[in-house]
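What follows is a short report on a single structure.
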Amino acid sequence: MNRFSRSWALIKASARVLAADKELLVFPILSSIATLIVTLTFAVPLLLSGGLSSVSQNRFPAIYYLVLFLFYIVQYFVIFFANTALVGAATIRLKGGDPTVGDGFRIAFSHFGPILGYSVIAATVGMLLRMVSERSRGLGRILISLIGFAWNVATFLVVPILAVEGIGPIQAIQRSVALLKKTWGEQIIGNFGVGVIFGLIIFGLILISLPIFYLLITAKLIMGVVALVVILVLLFILIGLVQSALNGIYTAAIYQFAVDERTVFFDESMIRDAFVERR
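Okay, here's the thing in structure tokens:
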């Protein structure tokens, strides 16, 4: 099975889970809204205080890094909390149960402390990488990007581990690395494939809309242009929400197989092929 076919098969398998529990979309919706609120909460005071002028002049005062670090913590917490709720609910479905939105939030709230601890760790790593990247050039930035990629791979299963095993954030990171190495190696393909498929969908929508835009502009139908823009924005938002939900379901399925638990929604070879064995 080539990468494209495997990615499409993974999307269809994840979509069957999402079709069985459409309410799983609630979690990425709430996460997006909360993320926007957090961003505005930090950005507006910084803008009104003139703090962004220093940043635009490549001057980074200590208060900038302090505010940015706090922003990272809150933002990561919102994302991880919603993802834990999503993965927790998806895990119930993968085990044959019938989860509700309340079940997902119950799981997330029961692991509030570890999620907050992991948010602080992730924020610290993100902050350090950003600080080094801002002072690096060329190969230095490439190296920082590789380190960031390695961190994402190492922590790929942290959220389902937090949702299911109830251990601390540091132990969850260690457990994530151990599970990835234990079975299929370290290079993940499947999740990127999901992104490629949705990227192609968005690209296709743009290609289709371009001649329509041209015709509407030529005919001077301004309201038609506005309507088409609104439709495209709504479609892009919907695509992003579905992709986020499918990624959470896929991560939950990867964890299920990593701990030797089977599910009727995913074929074992499909999940195993999502990893490339390290030579």
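Quick note on numbering: the sequence shown equals residues 520 to 798 in my numbering.
Beta carbons are placed, not taken as given, at the ideal position from N, Cα and C, and that holds for glycine.
Can you give the Cα-Cα distance for M742 and I736, rounded to whole angstroms? On the sequence shown, residue 742 is found 223 positions in, with the first residue counted as 1. On the sequence shown, residue 736 is found 217 positions in, with the first residue counted as 1. Each residue's alpha carbon lies about 10 Å from the other.
S533: buried (16+ other C-beta within 10 angstroms of its C-beta) or exposed? Position 14 of the sequence shown holds residue 533. S533 should be labelled buried.
Selection from L740, A697, I756 that minimises the alpha carbon distance to F717: Within the sequence shown, residue 717 is the residue found at index 198, counting from 1. Minimum Cα distance to F717 is reached at I756.
How about the stretch 665 to 676 and the stretch 584 to 598: do they share at least three Cβ pairs that are nearer than 8 Å? no
Taking only three categories from DSSP, how would you classify F675? As a first step, residue 675 is located in the sequence shown; it is residue number 156 there, counting from the start. Note: F675 maps to coil in three-state DSSP.
Give the single residue among T619, T554, S638 whose Cα lies nearest to the Cα of F588. Taking the first residue of the sequence shown as position 1, residue 588 is located at position 69. That would be S638, whose Cα lies nearest to the Cα of F588.
From what residue to what residue does the alpha helix (DSSP H) around R654 run? As a first step, residue 654 is located in the sequence shown; it is residue number 135 there, counting from the start. First-last for R654: undefined, no H or E at that position.
At 4 residues or longer, what runs of the alpha helix (DSSP H) sit wholly inside the stretch 541 to 568? 545 to 567
With 16 other CB atoms within 10 Å as the buried threshold, where does D540 fall? Translated into the one-based positions of the sequence shown, residue 540 becomes position 21. So D540 ends up on the buried side.
Span of the alpha helix (DSSP H), counted from its first residue to its last, around A738: Residue 738 sits at position 219 when you count from the first residue of the sequence shown. Unbroken run through A738: none, as it is neither H nor E.
DSSP three-state label for F755, please. As a working mapping, residue 755 is identified with position 236 in the sequence shown. Helix, per DSSP.
Of the residues D617, I626, V586, Y583, which one's Cα is nearest the Cα of F600? As a working note, residue 600 is residue 81 in the sequence shown. Minimum Cα distance to F600 is reached at I626.
From I686, T603, Y583, N766, pick the residue whose C-alpha is nearest to that of K531; which is it? As a first step, residue 531 must be located in the sequence shown, where it is residue number 12. Selected option, being the one with the closest Cα: N766.
Does the Cβ-Cβ distance between L537 and A764 come in under 7 Å? Walking along the sequence shown from the start, residue 537 turns up at place 18. Walking along the sequence shown from the start, residue 764 turns up at place 245. Yes; because the gap between Cβ atoms is below 7 Å, this pair is in contact.
Among the residues of its own chain, which have a CB less than 7 Å from the CB of D617, if the five just before and after it don't count? Along the sequence shown, read from residue 1 onward, the residue named residue 617 stands at position 98. Cβ neighbours of D617 beyond the five flanking positions: none.
Spatial neighbours of A682 in its chain, beta-carbon cut-off 6 Å, leaving aside the 5 residues before and after: In the sequence shown, counting from the first residue as 1, residue 682 sits at position 163. The answer, listed in chain order, is T603, V606, G607, I626.
DSSP three-state label for E705, please. Along the sequence shown, read from residue 1 onward, the residue named residue 705 stands at position 186. Note that E705 scores a pLDDT of 36, beneath 50, so its modelled location is shaky and nothing firm can be said.
Report the CB separation of A777 from L676 in whole angstroms; it is logged as a contact under 8 Å. Here residue 777 refers to the residue found at position 258 when the sequence shown is read from its first residue. Here residue 676 refers to the residue found at position 157 when the sequence shown is read from its first residue. Between L676 and A777 the Cβ distance is about 7 Å, and since that is below 8 Å, they are a contact.
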